[in-house]
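What follows is a short report on a single structure.
Residue numbers (the working numbering), protein chains in the order written: chain A, 16 to 367; chain B, 635 to 1152.
Structural data, given as structure tokens:
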């Protein structure tokens, strides 16, 4: 990690930490591109055979392998890809011969819209529900809600999605379209009805985890000394909850949202398959089946960068939301919570 | 939608799903009633939306090297010299004359006058030659070039502005040119490019193609069949999942689902707004016994395997009953097919005795299969083999691995070929010129007969050659062909022009399909 410079009082300490983390993230992306490349080489078969199908004669296969540059030394193939990727050229899809960037940006856009929708639904819902349950801890509502959340969590996602289709898109009661066949000619805003079911399905799978996280953080915050002290001073309870406890409980929630996003960015495959939603998850799956290396590399690169970015943003928000960290002269104590289970501040105190 | 209709229809529908299995035997009773209400006369206009499943491939638009759904899209974009009849024979399409000479060593093809491509250019002999040269270009590496690998690229001749002559390498004869050129011999203009200029003379011209998602076409006004196609627009939408496609069809988001799973047939039949079209195709489904690998180098083991297969059970369980039993021979629709060969029975005793004679009493065989409907049949077959004391172990590998460098190594693997005539099917399987001979069957007498048949345009004379060749295949061939599978297409009752046929592509005839959109 880079040395933080604290001489200039105008640059906050966390900025240099941020830049260091960014560089670290780029390094991660490069290492992953190398790992992916090696992994695809280890897969049996090659794109030429997959493209040409079962009946292809050997001469056709050899010709296509040559045309795709698959007969060149592996290191050279990688360097060539890496060189053009650095200059912004992600190559051509071996499957459809279209530029990878054309396919990728279109699908990434759809995925981002889907994720935005999920976040817009899940975050307010989880916050409201989490706070409400924490305030009514151990009540009947709390117990029933928790059971329901665990039930949702335990139900396989595809079952939830198919259940939603049956519920909302049965023939003769077509409230919502059963599958999200988006029209590329129209803007997504005009086709929002196609987003409802996928967003709902993914939100239902993400909601239990986030709600329970907010609830636990809230309960812990409500139990803490400063809340007791505030109550003893006669500060209104409502103000304690919304003005003091919730901001403190937000930090784990941000890490929880980050974890959800990390999972969803490449893992919305579930909704993409069931609703035929054209995101990057199915594109990656198809690219792997097709051994379409430029496509695999590009998608994995985008997912890696997205994960790095999400982590960075989550950590940045954590720093900004935590006064002790925000004003620290050296931000060396931030360690990203990799598993999203026990945050560092809880660890350091819980050990005592 | 009619308001008073919905609740009763909904309840009836729900009951019908529950009772779907009971209804399975009744064909699409409700559906055909629904269809009867609608007009039988083709209606013009509207946008016809066809849902296809393309596996994982994004595919392309190449006429001569279609990948994935490119084959289906090709039916919209391109026309050929011939087109398929519903009984898998061929008839002239763009061509007004196409005949071989007496020994089939040369074909003369003349197209109708005044035909046009999508961009207005008149189709001429140069375009015909360009299309043939492009299909057979080694640099294009089309997997289908092998079907017409006999064409001598250097001997193609333009006779006049509408006529060309095709000759074959080393002066050989090649009678089944129509059946082998028809699928991938789309006629394209000399300025053709599959990406920047994908024009042909098919019923629809391209408006937009989003690989892996959908493609949109508009009606080609100067299509060679007057008045056709009927719809103003055609949209081909790709799905990744059978369940979601059925949901889309039932919700009215698509009009046709091309090639549905047999498992969904009951559900589809029960829906009065849908019709299920069951085409009794002569596509075969079976197993390749690899003769290059023991124990299948021994003819007795091959015979034993063919005897221990309970074909009816394979059809019932492997194809969910949508198919017919086969006799280890392909192309039963071909006029040269040898119907005199008796159906091979299910005979465990005989199978066991043959295995004993071959010294294979404790036999273990690996059956390698790609994912898909073939897996069921493989598992059923493994159970059947166990009864004869043979341990068949089924391994599933992904498509890339199945067709990968190890493909020569599979001992036993599923095999299938779409409905074609005998000579063309053999090119897909065990002919001496086969594009890929998965069973490694090579037999001098069979090869002789096949070559003679290639040079014999006369039906009666060819018949006797094919009969003997099929006798050999039946006795010692490397294919265990246990069934012919039906092809199931589902459509809204608003769709007309979709009728059962012996081919596999009833739902790809985009120039015949129409939509009652009013």
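Here a beta-carbon is modelled for each residue, glycine too, at the ideal position from N, C-alpha and C.
As the structure is a prediction and not an experimental result, all values here were calculated from the model.
Under the three-state reduction of DSSP, which class applies to residue 829 (chain B): helix, strand or coil? In the second chain, the residue the question calls residue 829 (chain B) occupies position 195. Coil.
For residue 999 (chain B), which residues of its own chain have a beta-carbon under 8 Å away from its beta-carbon, when the five flanking residues on both sides are left out? Residue numbering aside, residue 999 (chain B) sits at position 365 when the second chain is read from its first letter. Answer for residue 999 (chain B): 929, 1019, 1024, 1025, 1026, 1027, 1045 and 1046, listed in chain order.
Please list, in chain order, all residues of the same chain as residue 256 (chain A) whose beta carbon is under 8 Å from its beta carbon, the five residues on each side excluded. One-based indexing of the first chain puts residue 256 (chain A) at position 241. So the list reads 146, 150 and 237, once near-sequence residues are dropped.
Among B:1118, B:1083, B:1120 and B:1145, nearest to residue 1104 (chain B) - alpha-carbon criterion: To locate residue 1104 (chain B), count along the second chain from 1; it is residue 470. Ranking B:1118, B:1083, B:1120 and B:1145 by Cα distance to residue 1104 (chain B) puts B:1083 first.
Is DSSP giving residue 248 (chain A) helix, strand or coil here? Here the question's residue 248 (chain A) lines up with position 233 in the first chain. Three-state result, residue 248 (chain A): coil.
Quick one, are the C-beta atoms of residue 1120 (chain B) and residue 921 (chain B) less than 7 Å apart? In the second chain, counting from the first residue as 1, residue 1120 (chain B) sits at position 486. In the second chain, counting from the first residue as 1, residue 921 (chain B) sits at position 287. Going by C-beta atoms, residue 1120 (chain B) is not nearer than 7 Å to residue 921 (chain B).
Give the secondary structure of residue 810 (chain B) by DSSP, where H, G and I count as helix, E and B as strand, and everything else as coil. Here residue 810 (chain B) refers to the residue found at position 176 when the second chain is read from its first residue. Of the three classes helix, strand and coil, the one that applies to residue 810 (chain B) here is coil, per DSSP.
Using a beta-carbon distance cut-off of less than 8 Å, what residues from the stretch 760 to 778 of chain B approach chain A? 772, 773, 775, 776, 777 and 778
Starting from the C-beta of residue 117 (chain A), find all residues in its chain whose C-beta is less than 8 Å away, skip the five residues before and the five after it, and write them out in chain order. Counting from one through the first chain, the residue named residue 117 (chain A) turns up at place 102. None.
Give, in chain order, every residue of the stretch 303 to 319 of chain A whose Cβ lies closer than 7 Å to some Cβ of chain B. 304, 305 and 306
Does the stretch 818 to 827 of chain B touch the stretch 687 to 702 of chain B, meaning 3 or more C-beta pairs lie closer than 8 Å? yes
Sorted by chain position, which residues of the same chain lie with C-beta nearer than 8 Å to residue 760 (chain B)'s C-beta, five sequence neighbours on each side aside? For the purposes of this step, residue 760 (chain B) is taken as residue 126 along the second chain, with counting starting at 1. The answer, listed in chain order, is 792 and 824.
Going by DSSP, what residue range makes up the beta strand (DSSP E) through residue 797 (chain B)? On the second chain, position 163 is the one that residue 797 (chain B) refers to. Start and end: 797 to 801.
Expressed to the nearest angstrom, what Euclidean distance is found between the alpha-carbon atoms of residue 853 (chain B) and residue 71 (chain A)? One-based indexing of the second chain puts residue 853 (chain B) at position 219. One-based indexing of the first chain puts residue 71 (chain A) at position 56. Their Cα atoms are separated by approximately 33 Å.
Kindly say whether residue 66 (chain A), judged by its beta-carbon, lies nearer than 7 Å to any beta-carbon of chain B. Residue numbering aside, residue 66 (chain A) sits at position 51 when the first chain is read from its first letter. By this cut-off, residue 66 (chain A) is an interface position.
DSSP state of residue 755 (chain B), grouped into three classes? For the purposes of this step, residue 755 (chain B) is taken as the residue at position 121 of the second chain. In this structure, residue 755 (chain B) counts as coil in the three-state DSSP scheme.
Among A:108, A:83 and A:93, which one has its Cα closest to the Cα of residue 829 (chain B)? By one-based count along the second chain, residue 829 (chain B) stands at place 195. The residue with the shortest Cα to Cα distance from residue 829 (chain B) is A:108.
Grab me the residues of residue 1152 (chain B)'s own chain with a C-beta within less than 6 Å of its C-beta, minus the 5 sequence neighbours each way, in chain order. Taking the second chain and counting its residues from 1, the one referred to as residue 1152 (chain B) is at position 518. Cβ neighbours of residue 1152 (chain B) beyond the five flanking positions: none.
List the residues of chain B that residue 184 (chain A) touches, going by C-beta distances under 7 Å, in chain order. Taking the first residue of the first chain as 1, we reach residue 184 (chain A) at position 169. What residue 184 (chain A) touches in chain B: 881 and 885.
Could you name the residues of the stretch 1020 to 1042 of chain B whose beta carbon sits closer than 9 Å to any beta carbon of chain A, in the order they occur along the chain? 1031, 1032, 1033, 1034, 1035, 1036, 1037, 1038, 1039, 1040 and 1041
For chain A, find out if any of its Cβ atoms is closer than 7 Å to the Cβ of residue 874 (chain B); answer yes or no. The residue you call residue 874 (chain B) lines up with position 240 of the second chain. So yes, residue 874 (chain B) belongs to the interface.
Burial state of residue 721 (chain B) (16 or more Cβ within 10 Å): Stepping through the second chain from its first residue, residue 721 (chain B) is reached at position 87. Answer is exposed; the Cβ neighbour count stays below 16.
Simplified DSSP state of residue 1150 (chain B), which is helix, strand or coil: Here residue 1150 (chain B) is taken as the residue at index 516 of the second chain, counted from 1. Residue state, collapsed to three classes: coil.
DSSP state of residue 769 (chain B) mapped onto helix, strand, coil: Your numbering for residue 769 (chain B) matches position 135 in the second chain. Three-state DSSP puts residue 769 (chain B) in a helix.
Since I believe residue 1080 (chain B) is in contact with residue 918 (chain B) (beta carbons under 8 Å), could you give me their beta-carbon distance rounded to a whole number of angstroms? Taking the second chain and counting its residues from 1, the one referred to as residue 918 (chain B) is at position 284. Taking the second chain and counting its residues from 1, the one referred to as residue 1080 (chain B) is at position 446. Residue 918 (chain B) to residue 1080 (chain B), Cβ: 18 Å. No contact.
Would the beta-carbon of residue 784 (chain B) fall within 7 Å of that of residue 803 (chain B)? Position 150 of the second chain, counted from the first residue, corresponds to residue 784 (chain B). Position 169 of the second chain, counted from the first residue, corresponds to residue 803 (chain B). Yes, the pair counts as a contact, with Cβ atoms nearer than the cut-off.
Is there a Cβ from chain B that is less than 7 Å from the Cβ of residue 170 (chain A)? Taking the first residue of the first chain as 1, we reach residue 170 (chain A) at position 155. Not one chain B Cβ lies under 7 Å of residue 170 (chain A).
Roughly how many angstroms lie between the CA atoms of residue 288 (chain A) and residue 155 (chain A), to the nearest whole one? The residue labelled residue 288 (chain A) in the question sits at position 273 within the first chain. The residue labelled residue 155 (chain A) in the question sits at position 140 within the first chain. Going by the C-alpha atoms only, they are around 38 Å apart.
Give me the residue from A:274, A:304 and A:204 with the minimum Cα distance to residue 125 (chain A). Position 110 of the first chain holds residue 125 (chain A). Ranking A:274, A:304 and A:204 by Cα distance to residue 125 (chain A) puts A:204 first.
Where does the unbroken alpha helix (DSSP H) through residue 1097 (chain B) begin, and where does it stop? As a working note, residue 1097 (chain B) is residue 463 in the second chain. Residue 1097 (chain B) -> alpha helix (DSSP H) spans 1093 to 1110.
May I ask you to list, following chain order, the residues of the stretch 42 to 76 of chain A that have a beta carbon less than 9 Å from some beta carbon of chain B? 58, 59, 60, 61, 62, 63, 64, 65, 66, 67, 68, 69, 70, 71, 72, 73, 74, 75 and 76
Measuring only the C-alpha atoms, how far is residue 367 (chain A) from residue 140 (chain A)? Walking along the first chain from the start, residue 367 (chain A) turns up at place 352. Walking along the first chain from the start, residue 140 (chain A) turns up at place 125. Caution is warranted here: a pLDDT of 34 is assigned to residue 367 (chain A), below 50, making its placement in the model unreliable, and no coordinate value can be reported.
From what residue to what residue does the alpha helix (DSSP H) around residue 157 (chain A) run? Locating residue 157 (chain A) in the first chain gives position 142, where the first residue counts as 1. Segment 155 to 169, the alpha helix (DSSP H) holding residue 157 (chain A).
From the DSSP output, which residues share a beta bridge with residue 1030 (chain B)? Position 396 of the second chain, counted from the start, is the residue given in the question as residue 1030 (chain B). B:1003.
Under 8 Å between beta-carbons, which chain A residues line up against residue 1070 (chain B)? List them in chain order, please. Locating residue 1070 (chain B) in the second chain gives position 436, counting from the first residue. 69, 70, 71 and 72, listed in chain order.
With the cut-off set at 7 Å, would you say residue 782 (chain B) and residue 742 (chain B) are in Cβ contact? Here residue 782 (chain B) corresponds to residue number 148 of the second chain, with the count starting at 1. Here residue 742 (chain B) corresponds to residue number 108 of the second chain, with the count starting at 1. No, these two residues do not count as a Cβ contact at 7 Å.
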